Amino acid sequence: MSEDRLDLKHPSINLSDSGYLTPHPLMSWDISGQSPCSVIDFWNIKEDKEQLLIYAEKYGWDIDIPHILKLQYQAIILTDAYQNICWVNKGFTELTGYTDMEAMGRSPRFLQGKNTSPVATKSISKALANEKPFTKKVLNYRKNEDEYTCQLTVYPLFNKRKTITHFLALEVEVEH
């Protein structure tokens, strides 16, 4: 079985910066199946890193992608400077139910709905305008219209001329 076909999901295994698997000590929740954090598909993390490094080279981003991807996340949304989605990872589809093709070209605001707080959306808009990384929570909606609270960690991506070309959002579902 080739490496890209192996579907390895386990919280006691980590993917190092070099792309190799490194074991972690077995924890009690590993045995009971109740991990305190969500189980992440580490092969998808490697794919995410590779794709974002391609974009980083293409657009000349001055940011450490491998360092950012060490944060916990389920979904990644990459938008252009005008906040139109230009790439999402597989975790985005798993979290929201929307495919990459359904998301492309749209603003991430399409995930918001009637119970999304206007205060939260205004706070996110202000934070984007500040051109600095930030973390915020917002109530979003899946394709099936189920609500979920999402913690966003957003990075403005600058080229070498210090112009924003994109925004990178790491998302994780959290309790209200």
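When the letters of the sequence shown are read in order and numbered with full-length UniProt numbering, they come out as residues 1 to 176. We put the beta carbon where it would ideally sit given N, CA and C, even for glycine. Every value quoted in this text rests on a predicted model; they were computed, and no experiment measured them.
> Could you give the residue range of the beta strand (DSSP E) that holds residue 78?
Replying inline: 75 to 80
>> Assuming the contact rule is C-beta atoms closer than 8 Å, residue 170 and residue 71 should be a hit. Round their C-beta distance to whole Å, please.
In response: 6 Å between Cβ atoms; contact.
> Do residue 186 and residue 86 have their C-beta atoms within less than 8 Å of each other?
Replying inline: Residue coverage of the chain in this structure runs from 1 to 176, which leaves residue 186 outside it and unanswerable.
> How should residue 166 be labelled, buried or exposed, when 16 other C-beta atoms within 10 angstroms of its C-beta is the threshold for buried?
Replying inline: buried
>> Tell me the rounded alpha-carbon separation between residue 138 and residue 120.
In response: So the two alpha carbons sit approximately 6 Å from each other.
> Roughly how many angstroms separate the alpha carbons of residue 147 and residue 50, rounded to a whole number?
Replying inline: 31 Å
> Within 10 angstroms of its Cβ, does residue 91 collect 16 or more other Cβ (buried), or is it exposed?
Replying inline: buried
>> Taking 6 Å as the limit between beta carbons, can you name the residues of its chain near residue 100, skipping five residues before and five after?
In response: 88
> At what residues does the beta strand (DSSP E) containing residue 136 begin and finish?
Replying inline: 134 to 141
> Under 8 Å, do residue 65 and residue 56 count as touching if we go by C-beta distance?
Replying inline: It is a contact, given that the beta carbons lie within the stated cut-off.
> From 159, 173 and 175, pick the residue whose C-alpha is nearest to that of residue 60; which is it?
Replying inline: 159
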